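S.K.:
Listed below in structure tokens is the structure:
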């Protein structure tokens with residue numbers, strides 16, 4: 002016998018209720034115009050190739066005299082940090098008094114096929130850091146690296162420690178071969194050279210569906226069923242659509258950068274073995290002697306906590322702090338808990354230094 006029984010009248014009632022919610026939800030969706038994201042006011046202060054350096058307009062009278070530069074991942078768009086007015090890590094930082102800059106990597110095309118990690122780290126990031134420093138007459142700034150951008154920030158800080166006053170990493174992979182890293186396990190057997198030599202730039206859509214496949218039931222099915230319960234609320238519907246916009250807004254990856262990142266970081270786990278070469282220099286995490294705040298998400302399925310927490314064993318600083326956020330890889334940017342905890346935690350840590 003089955004452990005439970007479904008009464009026909011109950012099943013019919015639930016189907017009718019679901020259908021009514023769906024019809025009402027469709028009416029809500031029809032009422033929604035274009036979805037806006039990244040609405041916090043900002044200005045372009047530098048542009049090179051596809052890369053844009055933004056400064057967000059301060060909202061306090063006397064912002065921090067040491068600016069903070071945000072370095073985001075290449076895989077998705079950075080407006081996740083400024084999704085909407087009440088779900089914005091950037092606005093939260095501005096409200097605490099931080100002076101915020103951000104690097105937008107843009108959308109690589111065929112002209113960027115041979116852009117390398119050295120170009121991203123020793124050229125684009127280094128020039129952006131130099132420009133911010135020049136604007137304030139200082140020699141060093143604060144860095145906030147997020148996800149893959151956190152790994153880039155670690156590399157930059159190890160290669161140019163004199164330019165970084167304080168380093169903050171958020172959901173950043175460090176040890177790329179922890180046992181619970183499903184994405185890394187998938188990557189190990191892929192012939193990266195054949196993939197890049199065949200495709201050139203790696204399509205963002207290919208990577209996006211790879212990430213969704215890590216949680217196929219939740220991310221490709223269940224969330225859309227759950228959405229039906231919220232479609233009677235137009236603001237909740239807008240938030241859902243903004244999230245969907247971000248998830249499927251995936252830039253292509255420059256072929257040579259993808260080649261080195263997949264092989265040296267994922268397959269060889271070279272970051273913690275001092276075997277990553279950027280340009281002509283070896284990345285040694287022991288050169289990171291500035292204060293470090295490492296923020297990780299306890300339920301992160303893309304960057305498991307153990308992958309991020311490994312950082313403490315390899316940096317050279319004596320001022321190392323960890324912050325555990327109770328949530329997932331996306332929730333750390335947009336959840337209500339994140340809005341209350343993360344910007345203030347970053348600000349408080351910086352103020353004491």
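Numbering (this note's numbering), first residue to last: 2 to 354.
For glycine and all other residues, C-beta sits at the position ideal for the given N, C-alpha and C.
Keep in mind the model is a prediction, meaning the values are calculated, not measured.
(1) Taking DSSP as the reference, what is the three-state secondary structure of residue 336?
(2) Using the Cα positions of residue 234 and residue 32, report the straight-line distance between them to the nearest angstrom.
(3) Run through the segment 231 to 292 for me and flag every whole alpha helix (DSSP H) of 4 or more residues, listed as ranges in chain order.
(4) Buried or exposed: where does residue 106 fall if 16 or more other Cβ atoms within 10 Å of its Cβ makes it buried?
(5) Consult DSSP for residue 145 and reduce its assignment to one of helix, strand or coil.
(6) State the start and end residues of the unbroken alpha helix (DSSP H) segment that holds residue 137.
(7) Chain C beta carbons: is any one of them nearer than 8 Å to that of residue 88?
(8) Do residue 266 and residue 298 have their C-beta atoms within less than 8 Å of each other?
(9) Note the first and the last residue of the continuous alpha helix (DSSP H) segment covering residue 197.
(10) Please go through the same chain and pick out, in chain order, the residues whose beta-carbon is closer than 7 Å to the beta-carbon of residue 318, but skip the five residues on each side of it.
(11) Between which two residues does the beta strand (DSSP E) harbouring residue 43 extend?
(12) Going along the chain, which residues of its own chain have a beta-carbon closer than 7 Å to the beta-carbon of residue 345, five neighbours each way excluded?
(13) Work out the CA separation of residue 352 and residue 66 for me, nearest whole Å.
(14) Over what stretch of residues does the beta strand (DSSP E) that includes residue 177 continue unbroken?
(15) Expressed to the nearest angstrom, what Euclidean distance is found between the alpha-carbon atoms of residue 300 and residue 118?
(16) For residue 1, count neighbouring Cβ atoms within 10 angstroms of its own Cβ and tell me buried if that reaches 16, exposed if not.
(17) Decide if the segment 270 to 286 is in contact with the segment 241 to 249; the criterion is three or more beta carbon pairs, one per stretch, under 8 Å apart.
(18) Give me the DSSP bridge partner(s) of residue 1.
(19) Going by DSSP, which residues form a beta bridge with residue 78?
(20) So what does DSSP say about residue 52, is it helix, strand or coil?
(21) For residue 88, write down the residues that DSSP places opposite it in a beta bridge.
(22) Roughly how many angstroms lie between the CA atoms of residue 258 and residue 8, to the nearest whole one?
(23) Evaluate contact between the segment 30 to 49 and the segment 126 to 140, counting only Cβ atoms and requiring at least three cross-stretch pairs below 8 Å.
(24) Is DSSP giving residue 103 helix, strand or coil here?
(25) Looking at the structure shown, is residue 2 part of a helix, part of a strand, or coil, going by DSSP?
(26) From the DSSP output, which residues share a beta bridge with residue 315?
(27) Could you tell me which of 240, 191, 103 sits nearest to residue 35, measuring between CA atoms?
(28) So is residue 83 buried or exposed if we call it buried at 16+ other beta carbons inside 10 Å?
(29) Expressed to the nearest angstrom, what Euclidean distance is found between the alpha-carbon atoms of residue 100 and residue 192?
M.R.: Taking the definition as stated:
(1) As a first step, residue 336 must be located in the chain shown, where it is residue number 335. In the structure shown, residue 336 sits in coil (DSSP, three-state: anything other than H, G, I, E or B).
(2) Working through the chain shown from its first residue, we reach residue 234 at position 233. Working through the chain shown from its first residue, we reach residue 32 at position 31. Between residue 234 and residue 32, the C-alpha separation is close to 11 Å.
(3) 235 to 248, 256 to 261
(4) Here residue 106 corresponds to residue number 105 of the chain shown, with the count starting at 1. It counts as buried.
(5) Position 144 of the chain shown, counted from the first residue, corresponds to residue 145. Residue 145 falls in the strand class under three-state DSSP.
(6) Position 136 of the chain shown holds residue 137. Segment 127 to 137, the alpha helix (DSSP H) holding residue 137.
(7) Although the question refers to chain C, the structure presented lacks it and comprises just one protein chain.
(8) Numbered from its first residue, the chain shown carries residue 266 at position 265. Numbered from its first residue, the chain shown carries residue 298 at position 297. Contact flag unset, no.
(9) Position 196 of the chain shown, counted from the first residue, corresponds to residue 197. Where residue 197 is concerned, the enclosing alpha helix (DSSP H) stretches over 193 to 200.
(10) The count along the chain shown starts at 1 and reaches residue 318 at position 317. Excluding the 5 residues flanking it on each side, residue 318 has same chain C-beta neighbours closer than 7 Å at 289, 290, 291, 292, 293, in chain order.
(11) Translated into positions along the chain shown, residue 43 becomes position 42. For residue 43, the enclosing beta strand (DSSP E) starts and ends at 43 to 49.
(12) Locating residue 345 in the chain shown gives position 344, counting from the first residue. 97, listed in sequence order.
(13) Counting from 1 along the chain shown, the entry for residue 66 is found at position 65. Counting from 1 along the chain shown, the entry for residue 352 is found at position 351. For residue 66 and residue 352, the distance between alpha carbons rounds to 11 Å.
(14) Taking the chain shown and counting its residues from 1, one reaches residue 177 at position 176. No beta strand (DSSP E) holds residue 177; DSSP gives it neither H nor E.
(15) Numbered from its first residue, the chain shown carries residue 300 at position 299. Numbered from its first residue, the chain shown carries residue 118 at position 117. Taking the straight line from one Cα to the other gives about 29 Å.
(16) No statement about residue 1 is possible, as the shown extent of the chain runs from 2 to 354 and does not include it.
(17) With the cut-off at 8 Å, the segment 270 to 286 and the segment 241 to 249 do not touch.
(18) Nothing can be reported for residue 1: it is not among the residues displayed for the chain, which extend from 2 to 354.
(19) In the chain shown, the residue the question calls residue 78 occupies position 77. DSSP output for residue 78 lists no bridge partner at all.
(20) By 1-based counting over the chain shown, the position of residue 52 is 51. Three-state result, residue 52: strand.
(21) The residue you call residue 88 lines up with position 87 of the chain shown. DSSP output for residue 88 lists 85 as bridge partner(s).
(22) The sequence position of residue 258 within the chain shown is 257, counting from 1. The sequence position of residue 8 within the chain shown is 7, counting from 1. So the two alpha carbons sit approximately 57 Å from each other.
(23) yes
(24) Stepping through the chain shown from its first residue, residue 103 is reached at position 102. If DSSP states are grouped into helix, strand and coil, residue 103 belongs with the strands.
(25) On the chain shown, position 1 is the one that residue 2 refers to. The predicted model places residue 2 with a pLDDT of 47, which falls under 50 and marks its position as unreliable; any figure quoted below should be read in that light. Under the three-state reduction of DSSP, residue 2 is assigned to coil, being neither helix nor strand.
(26) Translated into the one-based positions of the chain shown, residue 315 becomes position 314. The partner list for residue 315 (beta bridge, DSSP) is empty, contrary to what the question assumes.
(27) For the purposes of this step, residue 35 is identified with residue 34 of the chain shown, where counting begins at 1. The shortest C-alpha separation from residue 35 is found at 240.
(28) Translated into positions along the chain shown, residue 83 becomes position 82. It counts as buried.
(29) Here residue 100 refers to the residue found at position 99 of the chain shown. Here residue 192 refers to the residue found at position 191 of the chain shown. The alpha-carbon atoms of residue 100 and residue 192 are separated by roughly 43 Å.
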